[in-house]
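*Asks:* Numbering that gives the first Met the number 0 applies: residue 0 is where the sequence shown begins, and numbers increase by one.
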Amino acid sequence: MNISKTTFKALNRCGRYAGLAEVAREEGHAVVAFTKDASLEDLMNVESDQKLEDLLTDMHDNDRDDVFERFHDKDVPLMMKDFKKIENLAAKKIKHMFGGDIIFSEDTFKQKRFEYTLEHDSLFSFLDIYQEDEDHIRIIEVKATTSKKFDEASFYFKRGKDKNHMFERIGEIYYPYHIHHQDVSKNYLDKYQNMLDKDHKIGEYVYDIAYQRFIIDHVLHTNKKVSYFLAILNHEYVFDGSYDLMHQPIYTDEIIRLVDVTEITKEMMPRLSYDVSEVLKRVDLLSVEKVNLGKHCFYHKDKECPFVPICFKDVPKEDSILTYLDRHHGYVYEKKGDKQDIWELLNEGHVHALDLEDALLEPSHYDAPNRIIKNTIQKETIQYYMDQKKEKPYLNHRNIQLILDTIKYPIYHLDFESFPAPLPRFKGEIPYMQSLFQYSIHIEHAPGVCDQHQDHLGFLAHNHQDQRRALVESMLNDIKEDDGTIIVWNDSFEKTRIKELAGLFPEYQERLLDIHDRIYDLMKVVKGDKEIQGESMMNYYHRQMQGSFSIKKVLPLFSPLNHQDLDVKHGGEAMEVYANFPNYDKKTFEEKYKALIEYCKLDTYAMVEILEGLRKLIETA
């Protein structure tokens with residue numbers, strides 16, 4: 000069998016993946032990029048597809064609450080174009096830094112590759128960049144992620160003292176702290192072990208190039224020093240607004256940073272050796288026997304395993320144990336007792352939310368009792384539904400009223416749409432900066448006084464030119480200089496965007512920061528606002544929310560409005576439509592443009608409906 004990095008990682012998920020993949024192949028289901036007799040061309044196409052998939056994942060690795068609603072269209076030319084640009088920028092930087100001979104190509108078929116054959120199986124490594132000089136070989140894996148993850152990774156020398164960086168930046172290269180320092184702490188060593196975990200947010204990138212190293216170590220016989228690097232985007236890089244004659248952005252070498260993972264990948268080799276052995280066994284056995292569920296399934300996440308519908312068939316679609324809030328913290332039976340992971344409970348057969356024993360929900364067992372009380376509330380709503388066959392949501396009348404009393408009219412219900420371009424497009428932007436292209440506003444003049452159509456205002460860019468100033472000026476015209484509260488859903492996103500705009504347009508800074516300070520998060524009325532109510536406790540929970548405070552879960556509880564009736568149904572589709580603006584003919588563009596307006600318009604009127612629904616709830620409670 001021929002195996003590439005992507006197919007290897009897929010087969011390495013769990014003991015039944017190979018068997019399920021073979022069944023799917025025989026049945027003609029194109030659910031996975033895996034075939035028993037994959038050609039070299041098949042493998043290269045799989046790797047190319049995976050690069051785009053990884054890019055789309057990084058685009059959605061942001062502060063929005065709709066991560067799972069990303070678009071998966073592998074044919075979006077703009078996205079693949081960006082990844083090829085990143086590869087070219089990385090190759091250019093490597094050439095400038097190290098010189099020597101470089102093997103690099105946007106075409107996977109022309110990349111440097113290695114093959115390691117074990118009996119009847121062959122492992123293939125396709126290298127993004129291969130650099131060689133008189134005494135040194137450098138292997139570079141290009142990733143569309145940013146240096147932010149590496150900058151933010153930290154450790155303590157002593158608990159409570161200042162944080163220190165796990166990765167030290169020297170010039171343009173990040174190194175693990177211990178490479179140049181001997182004074183490491185237990186906390187550092189513990190954190191460093193996480194880097195060796197393929198499911199860790201940094202470890203997953205290291206594991207990719209560790210796979211390449213495993214093959215190279217077995218087939219490349221050289222006396223030269225061999226080093227391994229990740230090439231990533233510099234999250235601090237600010238585009239200066241320079242364009243070429245074709246109006247394409249001109250980026251300097253500073254946009255790329257390198258991470259030296261030579262030492263980390265070396266420590267991963269025993270793990271890779273074991274994983275390779277296991278994968279080849281799995282390919283031979285093609286077992287479909289059940290295995291334990293866990294984080295490797297990436298349940299309801301971007302990297303969700305394609306066989307989740309099979310493996311999770313015994314887990315109920317509603318009211319499963321996985322709908323509990325804060326489930327990732329685990330559960331204990333008694334104070335300082337052994338903690339049980341949610342996956343342990345699930346694999347023991349506790350699949351329904353009501354299967355969670357009351358003993359695990361005893362507040363006295365926890366340092367933060369309010370967290371577990373939330374789970375108790377959830378369980379009670381489910382139990383009532385099961386017993387009475389009707390819903391009885393939890394409602395904290397007092398706390399909701401406290402928050403509503405702070406809201407000032409007129410209310411401006413605000414929502415942004417943005418495009419997180421991997422490479423900055425406009426002056427002042429950084430990689431993956433949420434570049435705003437649309438907003439919607441509904442003005443509620445008095446409680447419940449807001450017409451869905453007459454009281455709507457908005458802005459939508461007509462093309463991919465820089466229209467940020469026009470957006471700001473339009474928004475400042477629509478939101479008056481009064482005391483009216485500006486309502487959003489999940490305020491971290493809108494507040495961050497407003498601060499970014501204030502930095503980009505200093506002449507409007509005062510007005511924009513005033514808007515920032517007037518923003519209130521409507522989700523906090525439901526989820527709880529510790530600052531106002533004095534406790535960290537949710538105020539409203541309905542069984543149909545299924546452990547989520549997403550606006551698309553809350554809206555149906557208060558309104559018949561439905562995103563599914565729209566041509567654009569979620570944020571991922573909105574991004575896709577905007578990305579394709581240059582590719583539409585006139586008629587299609589007009590249709591898509593209108594669809595985007597209606598989508599964003601519904602998001603803001605949804606908040607009007609939810610707020611009115613909450614008012615009525617406490618009036619009748």
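We treat Cβ as the ideally placed atom computed from N, Cα and C, and that holds for glycine.
Count the other C-beta atoms from every protein chain shown that fall within 10 angstroms of the C-beta of S104, then say buried if there are 16 or more, exposed otherwise.
*Replies:* exposed
*Asks:* In angstroms with no decimal places, state the Cα-to-Cα distance between S121 and E114.
*Replies:* 6 Å
*Asks:* DSSP three-state label for S627, please.
*Replies:* Because residue 627 is not part of the residues shown, which for the chain are 0 to 620, the question remains open.
*Asks:* Use the C-beta contact count for S241: other C-beta atoms within 10 angstroms, 16 or more gives buried, fewer gives exposed.
*Replies:* exposed
*Asks:* At 4 residues or longer, what runs of the alpha helix (DSSP H) sit wholly inside the stretch 244-297?
*Replies:* 261-284
*Asks:* Excluding five sequence neighbours on each side, which residues of the same chain lie with their C-beta closer than 7 Å to the C-beta of E253?
*Replies:* If the five residues before and after E253 are omitted, its C-beta is found closer than 7 Å to the C-beta atoms of N233 and Y236, all from its own chain and listed in chain order.
*Asks:* So, I215 versus S124, is the Cβ gap smaller than 8 Å?
*Replies:* Closer than 8 Å, so yes.
*Asks:* Below 8 Å, how does it come out for the stretch 573-581 and the stretch 455-471: are there three or more Cβ pairs, yes or no?
*Replies:* yes
*Asks:* Go to F436, then tell me how far its beta strand (DSSP E) extends in each direction, as first and last residue.
*Replies:* Q433 to E443
*Asks:* What are the complete beta strand (DSSP E) segments, minimum 3 residues, inside the stretch 123-176?
*Replies:* You should have 128-131, 135-145, 153-155, 162-164, 166-169 and 172-175.
*Asks:* Please state if the CB of G18 and the CB of S286 are separated by a distance shorter than 8 Å.
*Replies:* Closer than 8 Å, so yes.
*Asks:* Which same chain residues, not among the five before or five after Y176, have their C-beta less than 8 Å away from its C-beta?
*Replies:* F154, N163, H164, M165, F166, E167, V183 and Y187
*Asks:* Within a Cβ cutoff of 8 Å, which residues of the same chain sit near E46, ignoring the five residues on either side of it in sequence?
*Replies:* Hits under 8 Å: S3, K4, T5, T107 and F125.
*Asks:* Taking C-beta to C-beta, are K200 and K157 nearer than 8 Å?
*Replies:* no
*Asks:* Take the Cβ of L601 as the centre, count every other Cβ of all protein chains shown within 10 Å, and call the residue buried at 16 or more, exposed below.
*Replies:* buried
*Asks:* By Cβ distance, which residues of its chain are closer than 7 Å to V307, with the 5 residues on each side in sequence left out?
*Replies:* C296 and Y298
*Asks:* Per DSSP, S226 is paired with what?
*Replies:* R137
*Asks:* Which two residues bound the contiguous beta strand (DSSP E) that contains E416?
*Replies:* I410 to P419
*Asks:* At which residues does the beta strand (DSSP E) containing Y519 begin and terminate?
*Replies:* I518 to D520
*Asks:* Look at the Cβ atom of I628, then the Cβ atom of L554, and state whether they are nearer than 8 Å.
*Replies:* Nothing in the structure corresponds to residue 628, since the chain is present only between 0 and 620.
*Asks:* Considering Cα atoms alone, identify which of S535, W342, K94 and I410 is closest to G483.
*Replies:* I410
*Asks:* Measure the CB-CB distance between V567 and E443 and report whether it falls below 8 Å.
*Replies:* no
*Asks:* Are the stretch 463-477 and the stretch 390-397 touching, with three or more C-beta to C-beta distances below 8 Å?
*Replies:* no
*Asks:* Closest to A230 by C-alpha separation, out of Y174, S272 and Q382, would be which residue?
*Replies:* Y174
*Asks:* Report buried or exposed for A620, applying the criterion of at least 16 other Cβ atoms within 10 angstroms of its Cβ.
*Replies:* exposed
*Asks:* Taking its Cβ as the centre, do 16 or more other Cβ atoms sit within 10 Å of E530, making it buried, or is it exposed?
*Replies:* exposed
*Asks:* Contact defined as beta carbons within less than 8 Å: I believe L195 pairs with M267. What is the distance between those atoms, to the nearest angstrom?
*Replies:* 6 Å
*Asks:* Buried or exposed: where does N11 fall if 16 or more other Cβ atoms within 10 Å of its Cβ makes it buried?
*Replies:* buried
*Asks:* Any contact of the stretch 491-498 with the stretch 351-371, i.e. 3+ C-beta pairs under 8 Å?
*Replies:* no
*Asks:* In whole angstroms, what separates the C-alpha of L284 from that of D337?
*Replies:* 36 Å
*Asks:* Can you find the residues in the same chain that come closer than 7 Å, C-beta to C-beta, to E493, ignoring five residues on each side of it along the sequence?
*Replies:* L413, F415, V487 and I518
*Asks:* In this structure, how does DSSP classify E534 when only helix, strand and coil are distinguished?
*Replies:* coil
*Asks:* Identify whether V205 lies in helix, strand or coil by the three-state DSSP scheme.
*Replies:* helix
*Asks:* Leaving out five residues before and five after V22 in sequence, what residues of the same chain have Cβ atoms less than 7 Å from its Cβ?
*Replies:* V287
*Asks:* Which of helix, strand or coil does DSSP assign to M348?
*Replies:* Checking the sequence shown, residue 348 turns out to be Gly, not Met. Here G348 sits in coil by DSSP.
*Asks:* Go ahead and label S38 buried or exposed: buried means 16 or more other beta carbons lie within 10 angstroms of its beta carbon, across all protein chains shown.
*Replies:* exposed
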